[in-house]
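>
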Amino acid sequence: MMGMAVGKRVGHRFLMLEARLMSVISKWIERIRILFWPVSRRKSMLLAPPMVAELLPDIPGGEPNLLPSSAWLVPLRVDFPMWQNSEPTPGNPEYLRVYWNDVLLEEKTWTAPVQPVDLFIMIAQQYLIEGRHRLRYRVETSNQVQTESETLVFVIDKTAPVFKDEGALIFPEEIIRDGLTAAWLDTHGDTVLAEVPAYFSPGAGDLIIWYWSSMPTGSEHTGTLTLEASDIGGAINIGFDRQVVLESGDGIRYVSYRLKDRSGNAGPRALAVALLVCAQPVPRVLPPPRVQKAAGSASASRLDPVDAFQGAVVSIPEDAVILPGETVRVQWAEPGSVGSFLTEIADSRLFSVPSTKIAPHFSKSIPVYYEVFENSVDSPHLSDRHTLSILGMTGFPVVQCDKVSGGRLSLQSIAEGDYARFTLDSWSFMGTDQFVSVEVHGVGSADNESLVVSVLDEYPVPLVGDNIDAGRISKTDLTRFLIGTQLDVRVRVSFDQTLSWQPFPSLRPTLYA
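Just so we're aligned, residue 4 is where the sequence shown starts under the numbering used here, counting upward by one.
(1) Looking only at C-alpha atoms, which of 197, 69 and 49 sits nearest to residue 56?
(2) Figure out for me which residue from 65, 124 and 400 has the closest Cα to the Cα of residue 209.
(3) May I have the straight-line CA-CA distance separating residue 381 from residue 444, to the nearest angstrom?
(4) Compare the beta carbon distance of residue 273 and residue 260 with 7 Å and say whether it is the shorter of the two.
(5) Need the endpoints of the alpha helix (DSSP H) that residue 518 sits in, please.
(6) Excluding five sequence neighbours on each side, which residues of the same chain lie with their C-beta closer than 8 Å to the C-beta of residue 394?
(7) Throw me the rounded Cβ distance for the residue 262 and residue 174 pair, which I believe falls under 8 Å.
(8) Just to confirm before moving on: does the CB-CB distance between residue 226 and residue 213 stay below 7 Å?
(9) For residue 408, name the three-state secondary structure that DSSP assigns.
(10) Report the CB separation of residue 152 from residue 50 in whole angstroms; it is logged as a contact under 8 Å.
(11) Just verifying my parser: in three-state terms, what is the DSSP assignment at residue 57?
(12) Taking DSSP as the reference, what is the three-state secondary structure of residue 263?
(13) Are three or more beta carbon pairs between the stretch 469-487 and the stretch 443-460 nearer than 8 Å?
(14) Which residue comes first and which comes last in the alpha helix (DSSP H) that contains residue 97?
(15) Would you report the Cα separation of residue 59 and residue 289, rounded to the nearest angstrom?
(16) Going by DSSP in three states, residue 215 sits in which element: helix, strand or coil?
(17) Below 8 Å CB to CB, which residues in the same chain sit around residue 1 once its five sequence neighbours on both sides are set aside?
(18) How about residue 406 and residue 418: are their beta carbons less than 7 Å apart?
(19) What are the partner residues of residue 370, as DSSP defines its beta bridges?
(20) Where do the N-terminal and C-terminal ends of the beta strand (DSSP E) with residue 454 fall, by residue?
(21) If you run the structure through DSSP and keep just helix, strand and coil, what is residue 507?
(22) In the DSSP assignment, what residue or residues form a beta bridge with residue 268?
(23) Among the residues of its own chain, which have a CB less than 8 Å from the CB of residue 449, if the five just before and after it don't count?
(24) Less than 7 Å between the beta carbons of residue 512 and residue 481, yes or no?
(25) Nearest-angstrom Cα distance between residue 354 and residue 316?
(26) In angstroms, rounded to a whole number, what distance separates the CA positions of residue 333 and residue 493?
(27) On the criterion of 16 or more Cβ atoms from any shown chain inside 10 Å, does residue 497 qualify as buried, or is it exposed?
(28) Am I right that residue 514 and residue 486 are in contact with their C-beta atoms under 8 Å? What's the rounded C-beta distance?
(29) Would you check if the distance between the CB atom of residue 470 and the CB atom of residue 189 is smaller than 7 Å?
(30) Taking the alpha-carbon positions, what's the residue 390 to residue 336 distance?
(31) Measure the CB-CB distance between residue 362 and residue 312 and report whether it falls below 7 Å.
(32) Take residue 243 and list the residues in its own chain whose beta-carbon comes closer than 6 Å to its own, dropping the five residues that flank it on each side.
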């Protein structure tokens, strides 16, 4: 009986040993079989790579998987995705082995279901040295199957950018010599460019932090420039626009910068460049213009039309602040009003106004001012206004009638059905933009009351000549007036598109039968 019991125990142990050997042999056979799989299939069997949340997003031309300085100044957390077919038990544990640069760094063991909160490790700072690092892991499940992960390759950069010498910015020579002026900005697109001297190992994502200050180490005005891949290998310029220059004010200003790479390593501050800045806008003194041959003060004057028969000349005062390269134009009367005129833009202080723009303002006052156009400024500067009073005109011609002789208009001289015709001689400032109205006033023969016969009503002047037709009145209409009374042939001319009317001298013949 004892022999049989011993035999059973030996047989049981042999069976257990055989089972274990078969498991090991099967596992090695599976591993050897995997080695003969195509690379693509072997790669598809790899677990997802470990995860480092702090890695910077990749940028074109930049170092991939770059770890920022804030991440390697403290222990680095690495997370792992959960694998499949996980059933750890006390008898069949599961293992997570983490390899740092192909050297086992840490092993984690589970004898109970894996909790997501446990799927991470912390890498001590002593490992986080500068360079390129490889991080992978291997999972051994409860059935002793081991699976490798893909490798995460990332970079730790601890070297700050360093410029040669003192790294002072390179400004245009004329700015260093003469200072930065408003005129210089006007002719250079409102921007001054400073070149960053070449520095060691520039890269995409590098940050240039610039300072514009009243002190060599100040930072009242600052900004950043991020380098793109296309910037590498060429000249790197910082652009300072007019707004920054003006906000900082005039005087000695110091311009400097420092370099910081994409990882966050900052270099020293470069030597500040001292600039003399004189860029504040010049106070605009734009006194009112003057009209030549007009009598009065700087702000108001009177012009006799006789002195402007060939037109008027507007002059810009010598003390008006107009800088080289700026242009001017003159506004005569309110824009859009009848008789207004806007001159062409010119680099001049004398502007001509045509004679056709004088007559619409007889016996009126108009504003006269000018506009100064500054380079790179959308809206012009407006001058103070000059009030110009244009006097009324005299010496206009008396209307003529072909049937009047010696102050008499005889009905007998007019055939039945015929007319008495009127004409007007030319007058000063005559123009085809003017209008004529002619009326005959007198006493009616029927009731001895006032009678008016319209001859012309707002008739456009047809031409500028020695004389023009001014209408006609029929013999029939003339017989409506009382014989032996005086007729009043009234003429009015409008020089301002019928807004107002200028009376001309009347013709006053006596009506006879």
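Ideal Cβ placement from N, Cα and C applies to all residues, glycine included.
On the basis of the supplied data:
(1) Taking each of 197, 69 and 49 in turn and checking the Cα distance to residue 56, the smallest one comes out for 69.
(2) Per the C-alpha coordinates, the member of 65, 124 and 400 positioned closest to residue 209 is 65.
(3) Near 58 Å, if we compare the C-alpha coordinates of residue 444 and residue 381.
(4) Taking 7 Å as the Cβ cut-off, residue 273 and residue 260 qualify as a contacting pair.
(5) The chain is shown only over 4 to 516; residue 518 falls outside these bounds and no answer can be derived.
(6) Cβ-Cβ distances below 8 Å link residue 394 to 305, 306, 307, 308, 365 and 366 in the same chain, with the five nearest sequence neighbours on each side left out; the list follows chain order.
(7) Under the criterion of beta carbons closer than 8 Å, residue 262 and residue 174 do not qualify as touching, at roughly 18 Å.
(8) Yes, these two residues count as a Cβ contact at 7 Å.
(9) Three-state result, residue 408: strand.
(10) Contact flag correct, Cβ pair sits at about 4 Å.
(11) Residue 57: coil per DSSP, three-state reduction.
(12) In this structure, DSSP gives residue 263 an extended state, which the three-state scheme calls strand.
(13) Contact between the stretch 469-487 and the stretch 443-460 is present, because at least three Cβ pairs lie under 8 Å.
(14) Judged by DSSP secondary structure, residue 97 falls outside any alpha helix (DSSP H) and instead within the beta strand (DSSP E) spanning 97-103.
(15) Using only the alpha carbons, I get a separation of about 58 Å.
(16) Three-state DSSP puts residue 215 in a strand.
(17) Nothing in the structure corresponds to residue 1, since the chain is present only between 4 and 516.
(18) Taking 7 Å as the cut-off, the Cβ atoms of residue 406 and residue 418 do not count as close.
(19) According to DSSP, residue 370 bridges with 390.
(20) Annotation for residue 454: the continuous beta strand (DSSP E) segment containing it runs 453-463.
(21) Strand.
(22) DSSP output for residue 268 lists no bridge partner at all.
(23) Same-chain partners within the cutoff: 483.
(24) The Cβ-Cβ distance between residue 512 and residue 481 does not fall below 7 Å.
(25) Looking at the two C-alpha atoms, the distance is approximately 6 Å.
(26) Taking the straight line joining both Cα atoms gives about 38 Å.
(27) Residue 497 comes out buried.
(28) At roughly 6 Å, the Cβ-Cβ gap stays under 8 Å, so residue 514 and residue 486 are in contact.
(29) For residue 470 and residue 189, no; Cβs fall outside 7 Å.
(30) C-alpha separation (whole angstroms): 9 Å.
(31) Against a cut-off of 7 Å, the Cβ pair of residue 312 and residue 362 comes out as no contact.
(32) Leaving aside the five residues that flank residue 243 on each side, the residues in its chain whose CB is nearer than 6 Å to its CB run, in chain order, 195.
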